[in-house]
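Residue numbers (our numbering): 9 to 89.
Even for Gly, the Cβ is constructed at its ideal location relative to N, Cα and C.
Since we're looking at a predicted model, the values are computed, not measured.
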């Protein structure tokens, strides 16, 4: 198996973050779970807004709990065999 990975760039990282967040939101809607818009911070007075990495981490934890992220990533980024 050859390693065809490229170093992550800021643009590619942002695109992947956006894609993961969108996938999480779509899956939540499909499951009938109403969640706040991932682009909103939900921060109250005196709270620091969420950083993109924190939102991605929460999205990944949610997907891992539902056991869908690994299958989704494999489908989205198939390995060359």
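My output table needs one value for residue 86: the three-state DSSP class, helix, strand or coil. Of the three classes helix, strand and coil, the one that applies to residue 86 here is coil, per DSSP.
Residue 69, buried or exposed, once every other Cβ within 10 Å from all chains shown has been counted against 16: Residue 69 is exposed by the Cβ-count criterion.
Exercise. Secondary structure at residue 29, three-state DSSP: helix, strand or coil?
Worked result: Of the three classes helix, strand and coil, the one that applies to residue 29 here is helix, per DSSP.
Check your understanding: Comparing alpha-carbon positions, which option in 36, 31 and 60 lies nearest residue 22?
Key -> Answer by Cα proximity: 60.
query = In or out: residue 67 buried (at least 16 other Cβ within 10 Å) or exposed?
reply = Here residue 67 is buried. Its C-beta has 16 or more other C-beta atoms within 10 Å.
- Message: Suppose you measure from the CA of residue 83 to the CA of residue 40; what does that come to, to the nearest Å?
- Response: If you draw a straight line from the Cα of residue 83 to the Cα of residue 40, it is about 23 Å long.
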